[in-house]
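Enquirer: Pasting a structure here, questions to come.
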Amino acid sequence: MSFLDVLYFIIPAAIFYAAPLIFVAIGGVFSERSGVINIGLEGLMVMGAFIGILFNLMFVDTFGAMTPWVSLIAAMLVSGLFSVMHAVASISFRADQTISGVAINMLGVAIALFSVKMIYGKGQTDYIQERFIRFDIPFLSDLPVIGPMLFKDVYGTSILAIGIAVMAWFVIYKTPFGLRLRAVGEHPMAADTMGVNVTKMRYIAVILSGALAGLGGAVYSQSISGEFSHTTINGQGFMALAAMIFGKWHPLGALGAALFFGFAQALSIIGGQIPYVKEVPTYFLHILPYALTILAVAGFIGRAYAPRASGIPYIKGKR
Amino acid sequence: MSNRVVNILVPVISVILGLLVGAIVMLVSGYDPILGYTALWNGIFGDAYAIGETIRQITPYLLAGLSVAFAFRTGLFNIGVEGQLLVGWFAASYVGIAFDLPMYIHLPFAIIAAALAGAAWAFIPGLLKAKLQVHEVIVTIMMNYIALHTTNALIKVVSDGGDNTGTINASASLKSAFFESITDYSRLHYGIFIALAMVLLMWFILEKTTTGYELKSVGFNKHASEYAGMNVNKNIILSMVIAGAFAGLAGAMEALGTFQYANVKGGFTGIGFDGIAVALLGANTPLGVIFGAVLFGSLKYGALNMPNEAGIPVEIVSIVIAIIIFFVACGYVIRYFLEKANKKKEAK
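Here it is, written out as structure tokens:
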């Protein structure tokens, strides 16, 4: 295998595995930038993965080839609704945000598996018939070198993921809404004084993060696993959380980190077919994202700082 | 209503609300909640075997709860119990297999190895928190996954590529012939005494020693403690290390008592996350941890009987536990309503 062949092989795979992580990590960026820690991303993602599969199986006759896309919307809605619980607890009820997140994770897995057993009478769903399909992008895929690398056999969901990351960057840094969002996460009292509705902003951010986490989960289950069981989402939500932190709470940083973690995941799965890489024990590829994140927060790879007010409930009139 | 009564009422109300929500979920899903909760009750207390297994399940929950609670008292959130438990599990199994010693040396050796492994795993987030102000929640979550992959890799090495270390030597086992005889051959083991001793130890450290006073003081107010001449950094690291040791011991319970081996895992045991629930329900006190562990350990084991007897998926109990955590975390609201109800009474 020549070097170029390896790239043609590994880069599409990396983007494929990164796509769900990108959605979820961007969701995390929204929530944490508004000052609400969202450890519940994993649970929200599980919910999205489950709803995606459930909807796909139930409505495949109605929507035909469009089913996976419609399922994405269903998953977004349900996970967005589910995240309201985290929002109510951590914003209105002043609960410890980490604990509320832990509860969301437990609840997400429990509800999804409970429903699967109730509906299917066994621990996993059937396999879906309609998956996301790959296509070549006209003209661009004919380009030399980067054509086969980036524009051949691409998934629509991968394009959507990168599009959403760029859009999130624009929204957070170039719009009044984004300015308010960041202000609420850095110094809610100052924002409140200037007339920004802190509670409303935080609710919007948490629900957005829920919807995006659900989207990521549904993309994962409908493009990678093809069914839902207790092992479908196994730490991807936490890996997305890691990507968000490694990307320094910045949408494009999170995009880059998610792509890199997707690359590590792809290597650990298909690395056995690539010369040199197969000599590296998969163990190192497995722990790479987590170890890098620790190094990043510890400041060895450029210090990453959380938004200042993240984790602190805003109580009006309290200094 | 005194503060003390409210502090006890909040978890009690949360548990009741949790069970109520569980019943509603069963009702809405077309199951019979009375049948379900009866099956749960029988799963916990049905016969001698069930009782033995329930206590067996409570054992690691006690230690996981202690781990979370102890760190919490110093203002630290140890969400890394899962990882510390896994390295403890592996360390105890490894010592149990690799050595052949008389029991009075071998067993303590295996137990201490597990505690040390857990402590070492928790030392890293403690150190990063103390020296670099890195948030321990992030580091412990990442350490969980590193522990999962590391122990899996180590088990493969120890077993020459297999996914099970093989049974530990009898000289390192916590198995109890006496417990087996009175509980109809359940897997109940002597570990429960170790867990209870640790509850006592936590109480002793926190309430009767200068170190414990300092640890609590740092938890209340870091800056005041520093001003009073305490070494805050040292206390943060110490608190994490002790919490990690408790979690490591929880792993030893599984390695030396329940399973007698370590195996490659696809995901976490869940004991560590349930430990958060245990500590939270018990308000991070040693006595509270006992109540929390008994409740959640029983629920978790008893639930296994629900599919057989009532045809209800076991996950219903996880839903109940999550809802309980949720309500305890929202204690502010429960307190608010309690106060309101109280004021109304006083006005009359």
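Chains as they are written, first to last, in my numbering: chain A, 1 to 319; chain B, 320 to 667. Beta carbons: idealized from backbone N, C-alpha and C, even for Gly.
Cα separation between residue 648/B and residue 104/A?
Expert: Going by the C-alpha atoms only, they are around 12 angstroms apart.
Enquirer: In chain A, what lies closer than 8 angstroms to residue 454/B by C-beta?
Expert: 297, 306
Enquirer: Answer with yes or no whether the minimum CB distance from residue 430/B to chain A is below 8 angstroms.
Expert: Residue contact with chain A for residue 430/B: absent (no Cβ-Cβ distance below 8 angstroms to any residue of chain A).
Enquirer: Mind listing, in chain order, the continuous beta strand (DSSP E) runs of no fewer than 3 residues lying wholly within the region 159-234 of chain A?
Expert: none
Enquirer: Select from the region 529-545 of chain B all residues with a C-beta closer than 9 angstroms to any C-beta belonging to chain A, and list them in chain order.
Expert: none
Enquirer: Alpha carbon to alpha carbon, how far is residue 527/B from residue 257/A?
Expert: Taking the straight line joining both Cα atoms gives about 48 angstroms.
Enquirer: Tell me which same chain residues have a C-beta within less than 8 angstroms of the C-beta of residue 351/B, skipping the five on either side of it?
Expert: Hits under 8 angstroms: 345, 629.
Enquirer: Using the Cα positions of residue 570/B and residue 588/B, report the straight-line distance between them to the nearest angstrom.
Expert: 10 angstroms
Enquirer: DSSP on residue 494/B, reduced to helix/strand/coil?
Expert: strand
Enquirer: Taking 8 angstroms as the cut-off, does the region 415-432 of chain B touch the region 261-269 of chain A (at least 3 CB pairs, one atom from each stretch)?
Expert: Judged by Cβ distances under 8 angstroms, the region 261-269 of chain A makes no contact with the region 415-432 of chain B, as fewer than three pairs qualify.
Enquirer: Output needed in chain order: residues of the region 623-642 of chain B with a Cβ under 9 angstroms from some Cβ in chain A.
Expert: 626, 631, 632, 633, 634, 635, 636, 637, 638, 639, 640, 641, 642
Enquirer: Report the rounded CA-to-CA distance for residue 373/B versus residue 623/B, giving the unit in angstroms.
Expert: 11 angstroms
Enquirer: Using three-state DSSP, classify residue 308/A as helix, strand or coil.
Expert: coil
Enquirer: Quick check: residue 293/A and residue 246/A, are their CB atoms within less than 8 angstroms of each other?
Expert: yes
Enquirer: How do the region 1-16 of chain A and the region 144-155 of chain A stand: do at least 3 beta-carbon pairs fall below 8 angstroms, yes or no?
Expert: Judged by pairs of C-beta atoms under 8 angstroms, the region 1-16 of chain A touches the region 144-155 of chain A, as three or more such pairs exist.
Enquirer: Report the neighbours of residue 599/B on chain A: residues whose CB is nearer than 8 angstroms to its CB, in chain order.
Expert: Among the residues of chain A, those whose CB is under 8 angstroms from the CB of residue 599/B are 99, following chain order.
Enquirer: Using CA coordinates, which residue listed in 159/A, 109/A, 252/A, 175/A is at the minimum distance from residue 232/A?
Expert: 109/A
Enquirer: Could you pull the DSSP bridge partners for residue 276/A from this structure?
Expert: The partner list for residue 276/A (beta bridge, DSSP) is empty, contrary to what the question assumes.
Enquirer: Among 175/A, 288/A, 89/A, which has the Cα closest to the Cα of residue 311/A?
Expert: For the residues 175/A, 288/A, 89/A, the minimum Cα distance to residue 311/A belongs to 89/A.
Enquirer: Provide the residue(s) that pair with residue 155/A in DSSP beta bridges, ordered along the chain.
Expert: 134/A
Enquirer: Indicate the three-state DSSP secondary structure (helix, strand or coil) for residue 542/B in the structure shown.
Expert: DSSP places residue 542/B in helix when its eight states are reduced to three.
Enquirer: Please name the residue, chosen from 409/B, 557/B, 638/B, that lies closest to residue 572/B on a Cα-to-Cα basis.
Expert: 409/B
Enquirer: Report buried or exposed for residue 67/A, applying the criterion of at least 16 other Cβ atoms within 10 angstroms of its Cβ.
Expert: buried
Enquirer: Any C-beta of chain A sitting closer than 8 angstroms to the C-beta of residue 472/B?
Expert: Closer than 8 angstroms to some Cβ of chain A, the Cβ of residue 472/B qualifies, so yes.
Enquirer: Report the CB separation of residue 383/B from residue 400/B in whole angstroms; it is logged as a contact under 8 angstroms.
Expert: 5 angstroms
Enquirer: For residue 286/A, name the three-state secondary structure that DSSP assigns.
Expert: helix
Enquirer: Any idea if residue 640/B is buried or exposed, counting beta-carbon neighbours within 10 angstroms, 16 or more meaning buried?
Expert: buried
Enquirer: Specify the secondary structure class of residue 468/B as computed by DSSP and reduced to three states.
Expert: It is helical.
Enquirer: If you measure beta-carbon to beta-carbon, which residues of the region 331-350 of chain B are closer than 9 angstroms to chain A?
Expert: 344, 348, 349, 350
Enquirer: Taking CB distances under 8 angstroms as the criterion, tell me whether residue 234/A reaches chain B.
Expert: True, the Cβ-Cβ gap to chain B drops below 8 angstroms.
Enquirer: Should residue 28/A and residue 41/A be called a contact, given that it needs their Cβ atoms to be closer than 8 angstroms?
Expert: yes
Enquirer: Is residue 361/B helix, strand or coil by DSSP?
Expert: helix
Enquirer: Which residues mark the beginning and the end of the alpha helix (DSSP H) in which residue 142/A is found?
Expert: Segment: none, residue 142/A is in no alpha helix (DSSP H) and carries neither H nor E.
Enquirer: Between which two residues does the alpha helix (DSSP H) harbouring residue 392/B extend?
Expert: Element bounds for residue 392/B: 367-392.
Enquirer: Using CA atoms only, rank isn't needed, just tell me which of 442/B, 404/B, 520/B is closest to residue 464/B.
Expert: 404/B
Enquirer: Give the straight-line distance between the Cα atoms of residue 209/A and residue 178/A, rounded to the nearest whole angstrom.
Expert: 14 angstroms
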